[in-house]
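Worksheet: the structure to be examined is printed underneath.
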Amino acid sequence: MGDVYQRIVALLSQHRLDYGVMDHAPEGRTDLASIIRGHPLKDAAKSMLVEVDGTATPEGREYVLAVVPGDRRVDFAAIKQLRGGRKARLAPAELATELTGCTMGAVPPFAFHPSVSVLACEHLKASTAIVFNAGRLDCSISLCPKAYFGLNHAQAAPISKEVSPAMPMKKTA
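Residue numbers (full-length UniProt numbering): 1 to 173.
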């Protein structure tokens, strides 16, 4: 699974982009990783594989890597609508690991599998830098949003919603 890290570094280097690499204690939870890395939660790029059923593809199903700021939630209804699907939900963990090449919590905002497209929340453009686990739980990369979106790897879209007090972010022990 270290292969994903190497592919990200190769991609960023190939495009001669400035980026930072941080080694840190292993952590996959966005809120805790942000504390360890020392940046605001809104600057974290949280990536989750979403399965969209009922699309116009030959398979009738699409896989989308949804990339949202760490302080927001994925808006499944927005993704469903953008993809013209009937239902959108998180992909099963085993499938997410297979299609991303990463363990849960280490998924970067890049997709290297041909059947996965990337939708990135427009709110990430407002950050001074986006920070994400780079295919590993113990290593993160920081990159300016302009460089990330300039790679034409991700489609910017309104795919997140605010976390309301009535719907707090899920915390695990």
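In this text, a Cβ means the ideal position worked out from N, Cα and C, and glycines have one as well.
Just so we're clear, the structure is a prediction, and the values are computed from it rather than from any experiment.
Please list the terminal residues of the continuous alpha helix (DSSP H) segment that includes residue i.
i	result
arginine 37	30–37
glycine 150	145–150
Hey, residue i and residue j are a contact pair by Cβ (cut 8 Å); roughly how many whole angstroms apart?
i	j	result
isoleucine 159	alanine 44	Incorrect: roughly 15 Å between the Cβ atoms, too far for contact.
arginine 29	glutamate 62	The Cβ separation is near 27 Å, so there is no contact.
serine 140	methionine 22	5 Å
proline 109	alanine 120	6 Å
alanine 111	leucine 137	In fact, because the Cβ distance is near 19 Å, the residues do not count as touching under 8 Å.
isoleucine 8	alanine 134	5 Å
Can you tell me where the beta strand (DSSP E) holding residue i begins and where it ends?
i	result
lysine 161	160–162
cysteine 121	116–121
phenylalanine 112	Careful: phenylalanine 112 lies outside any beta strand (DSSP E) and carries neither H nor E.
alanine 134	130–136
residue 258	Residue 258 is absent from the structure shown; the chain starts at 1 and stops at 173.
Just checking: is the beta-carbon of residue i within a distance shorter than 8 Å of some beta-carbon in chain D?
i	result
serine 117	Annotation note: the requested chain D is absent from the structure, which comprises a single protein chain.
Which residues share a DSSP beta bridge with residue i?
i	result
serine 140	Met22 and Asn133
Which ranges does the beta strand (DSSP E) cover as unbroken runs of at least 3 residues, wholly within the region 11–92, from first to last along the chain? Within the region 11–92, the runs of beta strand (DSSP E) at least 3 residues long that lie entirely inside it are, in chain order, 19–23, 45–53, 61–69, 72–74 and 87–90.
Take every Cβ of the region 78–94, pair it with every Cβ of the region 16–23, and state whether three or more of those distances are shorter than 8 Å. With the cut-off at 8 Å, the region 78–94 and the region 16–23 do not touch.
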